[in-house]
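Same order as they appear, the protein sequences are chains A and B.
Under the working numbering, think of the first position of the first sequence as 29, with each following residue one higher.
Under the working numbering, think of the first position of the second sequence as 173, with each following residue one higher.
See below for the structure under consideration.
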Amino acid sequence: MPQIAHVDVNCFYASAERAFNPSLEGKPVIVLSNNDGCAVTRSPEAKALGIGMGDPWFKLAPRAKEWGLIALSSNYELYGDISSRVMELLGRYSAWLEVYSIDEAFLGVKGSPAELLAAGRSMKAAVRRNVGVPVCVGIAPTKTLAKLANKWAKNNKAFAGVCHWDSVPASEREALLGRLSVEEVWGIAGRLTRRLNVMGIFTIADLVRADPVAIRDKFNVVMMRTVLELQGTPCIPMEEERIGRDQLIFSRSFAKPITTAAGIRQVMSVYGQQASARLAKHGLQAKVLTAFAGTSHFNPKDTSYPSVCVPLPMPTADPVILTKAGHALLPRIVEGVRYARAGIMVTDLRPSGNQAPLSLFENPHEERHIGTLLEDVTRRYGRGSIGLGHGGIRGGPDWTMKRDMLSPRYTTHWDELPLVKAA
Amino acid sequence: MSVIVGPRVIDAGVSLLSVLVSPVPVAAGFPSPAQDYFDGRIDLNAHLIKDVTSTYVVRVSGESMEGAGISDGDELIVDRSLEPRDGSVVVAVLDGELTIKRLRITPTGVILQAENPAYPDIEVPALANLSIWGTAVRCLHHV
């Protein structure tokens, strides 16, 4: 019976920064969300200061100096590369790898308890050594238990970062489950917790004892699976690489509100090109594009949430067509309203070149490889060096993401390589 | 946040390292006699990078390694997966900074050696007291 290893990077963003800037070691570090909004990653030292997940930066900034707190903007180029290195390395331990998020993965593993433990320790050591970031590993018969084992490995130093569930004495496991709230279980959050509490289910041990069928009747099949998984029956299958992903979304809050259709037009141009690049990268074409914009939820007056769904004339990844489709939103933009975000979503995705369109419907831009050309230039001269119309302005229009405290993109940009001192 | 779907080789910035050795194109009309022999250009990534997960490129700042042919502004290919040995050129963490030195492991202790008489060596009681970030495998020296 194969088991499942859950591997995730400790404080991923902060750890990626520390890998290239060892002076951050031992100091309170937080990484901020898009537009330097709020803390999304906190080093243990930052947690110890009482900084909460999602605390807004403007509230922390005045005390940062006194605390010695270091805040960094999200360096997605760096995190993306570090993530892909971690995943590639983990892939060497199992052909059965599911990348669950940027910093965590499930792996199918086989072996005796001693071998599994050794494999977990080897993964941990290899990621630390090769890539330079710390991970913890939980190994168990099911995904839900593997997640739990990982959390345990993180919180209990005795495990040294690797917990093999079945190797832990049953009495200790039961004591843990009796101590932890159901909230600690993968997939169970606020509202569900309250409903479970009403039924007298408070700890994970309570939930393990519950009748899966009764749980299904009260909740749904998803919750039943969770119970079965906690009991040791695998119910959540390993997912293969999601090639048939069905949508891509490009959306972001603006650093400052946009109040004109001309401004939104610019946004659409940029996202149209980003969508094109992403589709091309995955060898996909889209059939439908949805463009949307919205005012801030914190601004109850002047609300406006225009949205338009545009069927594309043929499956395409052409930046010109995608951008034009996005412009269908413009007539619905109310001038003067303060839009806080906008975006596009492409759906009904299919592999490009699956069915050759009749030449009559072949797209003139695709024929001239505009998408590939834009991509080549971008790869060579950096993001924002070329673009269609409103989208290709270096330095960025003023609504682009605010990243005032950005570290160098150490591993993806030749001009920003880490410096080593020869002194 | 986007999900990274698959592994990716070291990115664009680094793969500038590719050299053209393709046959000279011939005039239109005749097939090139060389075309059957062309298997692609030399890919420096393939030759210089043994393990993409553990290899990083860093840039040197300073003159202390001149004696080893490593100059200010040179790029180094660093492989973190290698076991540093006596004589390795290593990137070590010193006072929170990445520093390049020659590693000397002697019976009496460990020395981080500069390759320039103007810079002092640094003595460390044991390898365990030292944080080695990676081992340099190539220097991309600007000539």
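Each residue gets a CB set at the ideal place from its N, CA and C atoms; glycine is no exception.
Predicted, not measured: the structure shown is a model, and the values here were computed from it.
Q: Determine the contact status of G54 of chain A and A67 of chain A, defining contact as a CB-CB distance below 9 Å.
A: The answer is no: Cβ separation not under 9 Å.
Q.
For A286 of chain B, would you say it is in contact with chain A, using Cβ-to-Cβ distances shorter than 9 Å as the test?
A. At least one chain A Cβ lies under 9 Å of A286 of chain B.
Q: Verify whether the separation of the beta carbon atoms of V224 of chain B and G306 of chain B is less than 9 Å.
A: In this structure, G306 of chain B does not lie closer than 9 Å to V224 of chain B by Cβ.
Q) What's the C-alpha gap between V236 of chain A and T221 of chain A? A) So the two alpha carbons sit approximately 14 Å from each other.
Q) Is I229 of chain A helix, strand or coil by DSSP? A) Coil at I229 of chain A, not helix or strand.
Q. What are the residues of the segment 210-237 of chain B that lie near chain A, defined by any Cβ-Cβ distance shorter than 8 Å?
A. Cβ proximity to chain A below 8 Å picks out D223, V224, T225, S226, Y228, V229, V230, R231, V232, S233, G234, E235, S236, M237 from the segment 210-237 of chain B.
Q: Examine chain A for any beta-carbon lying closer than 9 Å to the beta-carbon of S253 of chain B, and answer yes or no.
A: At a cut-off of 9 Å between beta-carbon atoms, S253 of chain B makes contact with chain A.
Q. Nearest-angstrom Cα distance between Y266 of chain B and S303 of chain B?
A. According to the sequence as given, residue 266 of chain B is Leu; it is not Tyr. Their backbone Cα atoms lie some 8 Å apart in a straight line.
(Q) Please report the straight-line C-alpha distance between E363 of chain A and S279 of chain A, rounded to a whole angstrom. (A) E363 of chain A and S279 of chain A have their C-alpha atoms some 20 Å from each other.
Q.
Check this for me: beta carbons of G291 of chain A and T351 of chain A, under 9 Å apart or not?
A. Not in contact: G291 of chain A and T351 of chain A (Cβ atoms no closer than 9 Å).
Q | Inter-residue spacing [alpha-carbon to alpha-carbon] between A353 of chain A and V338 of chain A | A | So the alpha carbons of these two residues sit roughly 6 Å apart.
Q: Label T452 of chain A either buried or exposed according to how many other C-beta atoms from any shown protein chain fall within 10 Å of its C-beta, with 16 as the threshold for buried.
A: The first residue shown for chain A is 29 and the last is 451, placing residue 452 of chain A beyond what the model contains.
Q) Name the DSSP beta bridge partners of Y228 of chain B, please? A) According to DSSP, residue pairing for Y228 of chain B in a beta bridge involves B:V250.
Q.
Applying the 10 Å Cβ sphere with the 16-neighbour rule, what's the burial state of G160 of chain A?
A. Residue environment analysis places G160 of chain A among the buried positions, since at least 16 neighbouring C-beta atoms fall within 10 angstroms of its C-beta.
Q: Would you check if the segment 189-197 of chain A and the segment 281-289 of chain B touch, i.e. whether three or more CB-CB distances between them fall below 8 Å?
A: With the cut-off at 8 Å, the segment 281-289 of chain B and the segment 189-197 of chain A do not touch.
Q: Give a yes or no on whether 9 Å exceeds the smallest Cβ distance from S303 of chain B to chain A.
A: Among the CB atoms of chain A, one or more fall inside 9 Å of the CB of S303 of chain B.
Q) Which residues in the same chain have their Cβ closer than 6 Å to the Cβ of S332 of chain A, if we skip the five residues on either side of it in sequence? A) Closer than 6 Å at the Cβ level, and outside the excluded window around S332 of chain A, lie T323, V362, V365.
Q.
At a CB distance below 8 Å, what residues from the segment 202-214 of chain A approach chain B? Give them in sequence order.
A. The residues in question: there are none.
Q: May I ask whether a heavy atom of the ligand ADP can be found less than 8 Å away from the beta carbon of I304 of chain B?
A: Inclusion of the ligand ADP in the displayed structure is not the case, the ligand content being empty and no account of it being possible.
Q | Entirely enclosed beta strand (DSSP E) segments - the segment 311-386 of chain A, minimum 3 residues | A | Within the segment 311-386 of chain A, the complete beta strand (DSSP E) runs of at least 3 residues are 312-323, 335-344, 367-379.
**Q.** Where the beta strand (DSSP E) containing R149 of chain A begins and where it ends
**A.** That residue, R149 of chain A, is in no beta strand (DSSP E); its alpha helix (DSSP H) goes 141-154.
Q: Could you tell me whether the Cβ atoms of A314 of chain A and L276 of chain A are closer together than 9 Å?
A: Yes, the pair counts as a contact, with Cβ atoms nearer than the cut-off.
Q. So with Cβ pairs under 9 Å, would you call P265 of chain A a contact of chain B?
A. With 9 Å as the cut-off, P265 of chain A does not count as an interface residue toward chain B.
Q) Nearest to L275 of chain B by CA position, among B:L220, B:E255, B:D211, B:R213, is which residue? A) Out of B:L220, B:E255, B:D211, B:R213, B:E255 has the C-alpha closest to the C-alpha of L275 of chain B.
Q: For chain B, find out if any of its Cβ atoms is closer than 9 Å to the Cβ of R366 of chain A; answer yes or no.
A: For R366 of chain A, the closest Cβ of chain B is not nearer than 9 Å.
Q.
Rounding to the nearest angstrom, what Cα-Cα distance links D246 of chain B and H313 of chain B in this structure?
A. Answer to the nearest angstrom: the Cα atoms are 5 Å apart.
Q. What residue does the alpha helix (DSSP H) around L117 of chain A start on, and which one ends it?
A. Run containing L117 of chain A: 104-119, per the alpha helix (DSSP H) assignment.
Q.
Only counting the same chain, and skipping five residues up and downstream in sequence, which positions put a Cβ closer than 7 Å to that of Q302 of chain A?
A. By the criterion of a C-beta distance shorter than 7 Å, Q302 of chain A is surrounded in its chain by F278, once the five residues flanking it on both sides are discounted.
(Q) At the level of alpha carbons, what is the spacing between E403 of chain A and P84 of chain A? (A) Looking at the two C-alpha atoms, the distance is approximately 36 Å.
Q) Comparing alpha-carbon positions, which option in A:K430, A:V448, A:L447, A:D443 lies nearest S61 of chain A? A) The shortest Cα separation from S61 of chain A among A:K430, A:V448, A:L447, A:D443 belongs to A:K430.
(Q) On the DSSP letters alone, give me the boundaries of the alpha helix (DSSP H) that V309 of chain A sits inside. (A) A small fix is needed here, since residue 309 of chain A is Lys in this sequence, not Val. DSSP places K309 of chain A inside the alpha helix (DSSP H), whose first and last residues are 289-309.
Q) Excluding sequence positions up to five away, which residues of its chain have a Cβ less than 7 Å from the Cβ of P285 of chain A? A) A distance below 7 Å between beta-carbons, with the five flanking residues on each side excluded, links P285 of chain A to the following residues of its chain, in chain order: R366, Y367, A368.
Q) Where does Y209 of chain B land, buried or exposed, given buried means 16+ other C-beta within 10 angstroms? A) So Y209 of chain B counts as exposed.
Q. What does A451 of chain A reach in chain B if we use C-beta pairs closer than 7 Å?
A. Taking the beta carbon of A451 of chain A as reference, the chain B residues within 7 Å of it are G234, S236, Y291, listed in sequence order.
Q) DSSP state of V165 of chain A, grouped into three classes? A) Three-state DSSP puts V165 of chain A in a strand.
Q | Spatial distance of N49 of chain A from A203 of chain A (CA atoms) | A | Cα to Cα, the separation comes out at about 40 Å.
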